[in-house]
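Structure, as structure tokens:
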Amino acid sequence: MSELRWQKSSFSEGGAANCVELALTPTGTPHLRESDTPATVIATTPAALRALLRGIKAGTGATTGIGTASRGRGA
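Going by our numbering, the first residue of the sequence shown is number 9, and it counts up by one from there.
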């Protein structure tokens with residue numbers, strides 16, 4: 009896989025490794041990772057990512073079906 013360009017929220021604190029990062033492939037596939045474990049990457053679909061974000065904003069904790077984790081992708 010080509011190099012992904014990772015972004016983190018402007019709400020993340022400084023340079024600490026305590027945030028979720030997001031990257032999109034050239035075809036628009038979202039990938040998520042935790043900054044303190046960058047080798048573990050979750051690939052998902054745009055629809056599943058929207059559902060996850062809606063669940064987080066609503067406080068429901070709805071995180072099932074987001075995607076599959078893999079190691080060594082991205083970065």
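Where a beta carbon is used, it is the ideal one built from N, C-alpha and C, also for glycine.
These numbers come from a predicted model, not from an experiment.
What does DSSP give as the partner residue(s) for P54 in the beta ladder?
Answer is none; P54 lacks a bridge partner.
Please list, in chain order, all residues of the same chain as K94 whose beta carbon is under 6 Å from its beta carbon, the five residues on each side excluded.
Since the first and last residues shown for the chain are 9 and 83, residue 94 lies out of range.
Based on Cα-Cα distance, which residue from S18, F19, H39 lies nearest to L12?
Among S18, F19, H39, the Cα nearest to that of L12 belongs to H39.
Closest to P46 by CA distance: which of A31, I64, A66 is it?
With distances taken between Cα atoms, P46 lies closest to A31.
If you measure from the CB of S43, is any heavy atom of the ligand NAP nearer than 7 Å?
You won't find the ligand NAP in this model; it holds no ligand whatsoever.
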